[in-house]
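Residue numbers (the numbering used here), protein chains in the order written: chain E, 2 to 79; chain P, 749 to 892.
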């Protein structure tokens, strides 16, 4: 399958879902146009990784994230 | 956008999301979304994975520890940097020059080693770091 796109500098293009379905490609294809390079990436199907992260530690900890980190790193000094 | 920017992520970026801290997680989630889309590349020290797992293990949350680490490892466009004998000298140099703890220096060195453009953290101890720009995720997004 040959896809023709008009590329401009600094463009951040995403190929349409319809086009990808026709080509049998799962996930998303993005094209980043840089000064000296064009980066084409395939992003896997949305797996909800980020959504699963949110609130995983809710009601587990009583302190904020920076305090937890600082206290843990202070243990290196023991 | 000239090229795909690479950014180091501190432990508290992930912990803020796990804790659902409203003031922090919104900007951190925006950065993770950009990493997921391939607009940015993430760099995470294996020390951060150890820290996150330890925090959950300390609360006897073994399953959540494993899940948290696996979720981070599953993030696309993200490199987990191991501590090796090759990085020992650089970590030591950063520790001394930036007056950091060994843990802070090790996490920061992962980003420096992979030539990251910035290190994202909410810990203000990193504000005066000179070897790499350190900032909050929200401040970094404003620069894009």
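Glycine included, every Cβ here is placed at the ideal spot set by N, Cα and C. Because the structure is a prediction, the values reported are computed rather than measured.
C-beta atoms of residue i and residue j nearer than 9 Å
i             : j             : result
residue 873/P : residue 848/P : yes
residue 870/P : residue 34/E  : no
residue 29/E  : residue 43/E  : yes
residue 868/P : residue 50/E  : no
residue 779/P : residue 885/P : yes
residue 766/P : residue 816/P : yes
residue 792/P : residue 756/P : yes
residue 865/P : residue 770/P : no
residue 889/P : residue 806/P : no
residue 40/E  : residue 752/P : yes
residue 819/P : residue 69/E  : no
Cβ neighbours of residue i in the same chain (closer than 8 Å, five flanking residues each side left out)
i             : result
residue 842/P : 848, 853, 856, 857, 860 and 879
residue 76/E  : none
residue 850/P : 839 and 843
residue 72/E  : 64
residue 15/E  : 29, 30, 31 and 32
residue 821/P : 797 and 828
Contact set for residue i: own chain, Cβ-Cβ below 6 Å, skip 5 residues either direction
i             : result
residue 825/P : 783, 786 and 789
residue 846/P : 877
Residue i in three-state terms, based on DSSP
i             : result
residue 758/P : coil
residue 67/E  : helix
residue 792/P : strand
residue 750/P : Model confidence at residue 750/P stands at a pLDDT of 49, short of 50, so the residue's coordinates are unreliable; what they give is reported in the following sentence. In this structure, residue 750/P counts as coil in the three-state DSSP scheme.
residue 769/P : coil
residue 62/E  : coil
residue 804/P : helix
residue 976/P : No answer is possible for residue 976/P: the residues shown for chain P start at 749 and end at 892.
Buried or exposed by the 16-neighbour rule on C-beta atoms within 10 Å, applied to residue i
i             : result
residue 799/P : buried
residue 887/P : exposed
residue 25/E  : exposed
residue 810/P : exposed
residue 761/P : buried
residue 758/P : buried
residue 777/P : buried
residue 892/P : exposed
residue 863/P : exposed
residue 772/P : buried
residue 795/P : buried
Chain-order list of residues whose beta-carbon lies under 7 Å from that of residue i (same chain, five-residue window excluded)
i             : result
residue 804/P : 812, 813 and 816
Inset, instruction - Write down every uninterrupted run of the alpha helix (DSSP H) in the region 809–864 of chain P whose length is 4 residues or greater and which is fully enclosed by it, in chain order. - result: 810–822, 836–845 and 850–861
Legend entry - Entirely enclosed beta strand (DSSP E) segments - the region 23–52 of chain E, minimum 3 residues: 29–34 and 39–44
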